[in-house]
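Quick note: to get my numbering, add 9 to the position in the sequence shown (first position is 1).
Positions of the beta carbon are idealized from the N, C-alpha and C atoms, including for glycine.
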Amino acid sequence: LQLQGSGVARAIICDHKSKRDPPSTMAESTTNADDEIPSAMKRLVVTSPGNGESVADVTVEAITVPTPTPASGEVLVKVAAAPVNASDYGSWYKSKPSSYPMTIGKEGCGVVVATGGGLTTFRCPVGTKVGFVCADSEQGSYSEYVVLNAVTGVFPMPDDVPVEDCASFMVNPYTAVGILDTAAQEGSTKAIVHTAAASQLGQMLNKLAHMKGMQIINVVRREEQKELLEKIGAKHVVVTSGEEEKWKAELKEKVKELGATCAFDAVSGDMTGHVMDCMPNRGTVYLYGGLAGKVGNIDPSDLIYRKKKLKSFYLTNWINGGGGMKMVPRMLSAGRVVNSGLKSPDGWCRTRFQDTVMERAHEDIVKLLGSGTTNKKLRIRFDKSEEYLKVWGEGEVDR
Numbered sequence: 010l011q012l013q014g015s016g017v018a019r020a021i022i023c024d025h026k027s028k029r030d031p032p033s034t035m036a037e038s039t040t041n042a043d044d045e046i047p048s049a050m051k052r053l054v055v056t057s058p059g060n061g062e063s064v065a066d067v068t069v070e071a072i073t074v075p076t077p078t079p080a081s082g083e084v085l086v087k088v089a090a091a092p093v094n095a096s097d098y099g100s101w102y103k104s105k106p107s108s109y110p111m112t113i114g115k116e117g118c119g120v121v122v123a124t125g126g127g128l129t130t131f132r133c134p135v136g137t138k139v140g141f142v143c144a145d146s147e148q149g150s151y152s153e154y155v156v157l158n159a160v161t162g163v164f165p166m167p168d169d170v171p172v173e174d175c176a177s178f179m180v181n182p183y184t185a186v187g188i189l190d191t192a193a194q195e196g197s198t199k200a201i202v203h204t205a206a207a208s209q210l211g212q213m214l215n216k217l218a219h220m221k222g223m224q225i226i227n228v229v230r231r232e233e234q235k236e237l238l239e240k241i242g243a244k245h246v247v248v249t250s251g252e253e254e255k256w257k258a259e260l261k262e263k264v265k266e267l268g269a270t271c272a273f274d275a276v277s278g279d280m281t282g283h284v285m286d287c288m289p290n291r292g293t294v295y296l297y298g299g300l301a302g303k304v305g306n307i308d309p310s311d312l313i314y315r316k317k318k319l320k321s322f323y324l325t326n327w328i329n330g331g332g333g334m335k336m337v338p339r340m341l342s343a344g345r346v347v348n349s350g351l352k353s354p355d356g357w358c359r360t361r362f363q364d365t366v367m368e369r370a371h372e373d374i375v376k377l378l379g380s381g382t383t384n385k386k387l388r389i390r391f392d393k394s395e396e397y398l399k400v401w402g403e404g405e406v407d408r
């Protein structure tokens with residue numbers, strides 16, 4: 010608890026930044042695992058945005074860099090796997106020229122192989138399976154090794170779960186927990202509306218809401234997405250591919266029937282205005298994604314006279330809300346919920362992965378985006394080579 014006042018309270022999602030000009034060998038204060046730690050490693054970086062229009066245009070290279078050395082209070086993690094999230098690749102082709110070469114990847118998982126010593130590293134000794142969040146601009150999770158703050162950067166994972174299956178432990182699961190918590194704080198404890206609902210996050214949200222006795226009114230684009238959600242138990246799905254008047258009437262009826270006063274929109278564009286139009290007076294639409302670009306189609310009367318609200322939901326802000334005294338118990342509680350969902354094969358936050366390796370990552374990301382990402386999550390395996398794909402194939406892994 011002595012740690013919560015400064016480091017943890019600033020942002021549990023941000024790892025501690027320290028100057029890292031590593032020597033050729035591990036510092037004497039570091040405790041090493043049995044495996045020899047190399048002096049150099051591979052890291053994926055974006056070296057050019059190309060014409061700045063899409064992920065396909067960027068240049069991604071595997072570069073050789075010195076293996077980082079943990080300072081006091083830090084641990085060195087050998088990365089097993091890292092997921093490719095939608096929040097990862099948007100900046101690859103939209104950033105200013107000075108951002109390149111750009112380290113990439115925000116979360117991942119692996120095993121602690123060395124520590125820099127210090128009291129805080131006792132929570133993650135060598136050999137500990139961890140998930141991690143890598144917000145440091147000097148390194149990204151798409152690396153063979155990363156150095157992280159032992160308090161704010163790493164999260165111990167269940168011992169009985171293969172470490173590679175914890176690759177998506179943070180962004181989607183904690184967002185699902187945060188969305189339902191935010192809705193409850195707004196008084197929408199019976200039901201919420203969720204757009205882009207067939208995503209991995211949307212599926213997690215349905216499973217978690219069921220456990221908590223809440224209903225999700227799912228908004229999707231296609232009938233096959235409705236079928237996918239119904240297979241996992243979703244009872245309320247609205248498909249927007251038909252006539253606008255009809256699907257909005259259906260959505261309004263479900264909102265009224267189930268008593269939803271909050272909506273969470275990952276689509277943006279005109280969808281935000283459509284959803285707001287379907288919400289009751291004094292209802293709230295939380296925007297947390299921008300798949301369709303800038304928000305539009307909002308009736309000013311909804312905001313002025315019907316007192317509806319448009320707010321943002323951002324995971325980091327939810328984590329940090331209320332300062333350290335509230336954040337620490339919030340994260341401890343969320344961590345228990347997430348870890349429990351990782352333990353069983355049908356756990357609420359287990360993810361269906363499609364594996365790739367460092368050498369193929371960019372090519373496979375482009376392929377996945379071109380074929381549609383519904384019910385698909387790419388996982389980069391840093392503990393495997395291209396031979397792994399040749400032997401085991403490139404199909405989905407139900408984890």
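Put simply, the region 293-309 touches the region 265-278. At least three CB pairs are less than 8 Å apart. Taking a contact to require three or more Cβ pairs closer than 8 Å, the region 255-263 and the region 231-247 qualify as touching. In the structure shown, methionine 334 falls within a helical segment according to DSSP collapsed to helix, strand and coil. 7 Å or more divides the Cβ of valine 142 from the Cβ of tyrosine 102.
Under DSSP, valine 55 shares a beta bridge with Val69, Met111.
Rounded to whole angstroms, the separation of the alpha carbons of proline 47 and asparagine 326 is 37 Å. DSSP places valine 366 in no alpha helix (DSSP H) but in the uninterrupted beta strand (DSSP E) bounded by 361-366.
Distance from the CA of lysine 87 to the CA of cysteine 175, rounded to the nearest whole angstrom, comes to 14 Å. Cβ contact annotation for valine 64 (same chain, cutoff 7 Å, sequence separation greater than five): Tyr98, Trp101, Tyr102, Ile374, Val375, Leu378, in chain order. The distance from the Cβ of valine 366 to that of arginine 390 is about 6 Å, consistent with a contact at the 8 Å cut-off.
Beta-bridge analysis with DSSP links proline 92 to Arg388. Look at asparagine 181 here: in three-state DSSP terms it is helix.
Bounds of the beta strand (DSSP E) holding alanine 123 are 116-124. Taking the C-beta atoms as reference points, serine 197 is found no nearer than 7 Å to cysteine 133. Nearest Cα to arginine 315 within the set Gly299, Asn329, Thr293: Thr293. Note on geometry: alpha-carbon atoms of lysine 199 and isoleucine 72 lie some 50 Å from one another.
Here the alpha carbons of lysine 393 and leucine 387 stand approximately 14 Å from one another. Ranking Ser146, Ser150, Lys105 by CA distance to the CA of lysine 115 puts Ser150 first. With 16 or more neighbouring CB atoms inside 10 Å of its own CB, lysine 138 falls in the buried class. Across the set Lys235, Val155, Lys265, His203, the C-alpha of Val155 shows the shortest separation from the C-alpha of threonine 78. Taking a C-beta distance under 7 Å as the contact criterion, tryptophan 357 and methionine 213 qualify as a contact pair. Around the beta carbon of glutamine 148, 16 or more other beta carbons sit within 10 angstroms, so the residue counts as buried. Listed as beta-bridge partners of histidine 203 by DSSP are Asn227, Phe273.
Taken through DSSP and simplified to helix, strand or coil, valine 74 comes out as strand. Comparing alpha-carbon positions, the option among Arg52, Gly59, Gln209 lying closest to tyrosine 183 turns out to be Gln209. Per DSSP, reduced to three states, the secondary structure at asparagine 158 is strand. Secondary structure note for serine 321: its beta strand (DSSP E) is the uninterrupted segment 318-321. Leaving aside the five residues that flank asparagine 60 on each side, the residues in its chain whose CB is nearer than 6 Å to its CB run, in chain order, Asp66. A Cβ-Cβ distance of about 6 Å is found for the pair leucine 324 and glycine 187, placing them in contact under the 8 Å criterion. The shortest C-alpha to C-alpha distance from valine 160 to any of Gly140, Arg361, Gly350 is the one to Gly140. Excluding its 5 nearest sequence neighbours in each direction, leucine 260 has C-beta neighbours in its own chain below 6 Å: Val247, Cys287, listed in chain order.
In the DSSP assignment, lysine 393 falls outside any alpha helix (DSSP H), carrying neither H nor E.
The alpha-carbon separation between glycine 282 and tyrosine 295 amounts to approximately 12 Å. Only residues of its own chain outside the window of five on either side were considered, and among them Pro31, Ile46, Pro47, Ser48, Ala49, Met50, Tyr154 have a CB closer than 7 Å to the CB of threonine 76, listed in chain order.
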